[in-house]
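Quick notes on the structure that follows.
Numbering (full-length UniProt numbering), first residue to last: 1 to 360.
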């Protein structure tokens, strides 16, 4: 049965067939092979949604399977040690997602008896679940009539609707969200909501890409106002630009004769928060001063090739140094430990640091 055309869309002058066309396109041409697409289990959908934030599908697949193998239920994740959760996440980046993931699982168990709430409003009361993630879970798992609004969806809808409001402003974000909601029929079925929600994601990840969109193949081309105006690349409008900072970090690996390396817990806020890492210094002088304070010979330091590491807001230039030490010294750091290569797998260590240590 074909999905109904929402009267609210027609009343607001929106493309009345957008919902139906997107549902039909997704069922014929959309993605259907992803492991989280064939379940209405909110735990699995939530896990995939959090992992897919700022991360490509191809990267997420392996992490998703490993997480489920170790933590098949939300109760298992809630009971897992924090270090193990961070180790499972290591390499996915944006580590606040992993901390919120763990905290969210614990709250689902403590507040809701291990059962995810069924509405987007209640889901948003949990750590790390914003409006778009909540809408995805509620639509996929419970058939709630609500539209997601992640970055890809904003691009699809702003082009289709010709929405030229500056999305750097919260009022315009809310306005686009209201238009997105008006496109959803009041009597949309659960299956239609799944296809529509997935269709928005699929279209934004494929035909309606950020650059060089394939408009002639798009199911919304007949009504797309950006295409009609010949300016799809002008949408979405967002004036606030990301300012990237460039920093240099000096890393010091102190290595014992048994191969164990000294790792310290990073501060609870900031880059690599809460992960284990070699000591980090803001300049070479600070690193050398630390060696002097520990009674170690700076001349014995083996400097290694600099490495680049890109983050959302920063470009890091990592300058690693290795120093072999003869005895298991006490560095006087409470949140630190010696760890062998066999133990690194169970610790949350930043991906570039793990790679460097593994290469030796």
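Glycine included, each C-beta is placed from N, C-alpha and C at the ideal position.
Alpha carbon of residue i to alpha carbon of residue j, nearest angstrom
i	j	result
residue 210	residue 231	12 Å
residue 91	residue 150	23 Å
residue 291	residue 301	10 Å
residue 420	residue 233	This structure does not reach residue 420, given that the chain is present from 1 up to 360, and the question cannot be answered.
residue 64	residue 295	45 Å
residue 70	residue 235	42 Å
residue 243	residue 272	19 Å
residue 20	residue 356	51 Å
residue 78	residue 99	11 Å
residue 215	residue 152	15 Å
residue 10	residue 161	Since pLDDT at residue 10 reaches only 47, below the 50 mark, its modelled position is unreliable, and the value read off the structure follows with that caveat. Approximately 13 Å, taken between the alpha carbons.
residue 16	residue 225	13 Å
residue 107	residue 113	9 Å
residue 382	residue 87	Limits of the chain in this structure are 1 at one end and 360 at the other, which puts residue 382 out of reach.
C-beta contact flag for residue i and residue j at 8 Å
i	j	result
residue 144	residue 177	no
residue 18	residue 220	yes
residue 97	residue 53	yes
residue 217	residue 203	no
residue 297	residue 250	no
residue 74	residue 23	no
residue 339	residue 261	yes
residue 361	residue 137	Since the first residue of the chain shown is 1 and the last is 360, residue 361 is not available in this structure.
residue 26	residue 286	no
residue 148	residue 132	yes
Buried versus exposed call for residue i [16 or more other C-beta atoms within 10 Å across all chains shown]
i	result
residue 192	buried
residue 350	buried
residue 49	buried
residue 354	buried
residue 128	buried
residue 277	buried
residue 241	exposed
residue 358	exposed
residue 51	buried
residue 322	buried
residue 360	exposed
residue 197	buried
residue 2	Summary for residue 2: the model assigns pLDDT 39, below 50, so the residue's position carries little reliability, and this model does not support an answer.
residue 6	Because residue 6 carries a pLDDT of 44, less than 50, the predicted location of this residue cannot be relied on, and no value is offered for it.
residue 326	exposed
residue 66	exposed
residue 268	exposed
residue 228	exposed
residue 303	exposed
residue 58	exposed
residue 195	buried
residue 102	buried
residue 185	buried
residue 35	exposed
residue 154	buried
residue 40	exposed
Heavy atom of the ligand MN within 7 Å of residue i beta-carbon
i	result
residue 80	In terms of ligand content, the structure shown is empty, and the ligand MN therefore cannot be addressed.
Anticipated Cβ contact below 8 Å, residue i with residue j, distance rounded
i	j	result
residue 46	residue 142	Contact doesn't hold; Cβ gap of about 12 Å is too wide.
residue 307	residue 279	With 8 Å as the limit, residue 307 and residue 279 do not qualify as a contact, their Cβ atoms being about 16 Å apart.
residue 95	residue 274	7 Å
residue 336	residue 252	At roughly 12 Å, the Cβ-Cβ gap does not stay under 8 Å, so residue 336 and residue 252 are not in contact.
residue 248	residue 319	6 Å
residue 245	residue 317	Not really, about 11 Å apart at Cβ, beyond 8 Å.
residue 104	residue 68	That pair is no contact at about 16 Å.
Item to complete: State whether the segment 338-347 contacts the segment 77-93, with contact taken as three or more CB pairs (one from each stretch) at a distance under 8 Å.
Response: The segment 338-347 and the segment 77-93 touch, with no fewer than 3 CB-CB distances between them shorter than 8 Å.
Worksheet entry | Given 8 Å, three or more beta-carbon pairs between the segment 24-35 and the segment 148-165 | Judged by Cβ distances under 8 Å, the segment 24-35 makes no contact with the segment 148-165, as fewer than three pairs qualify.
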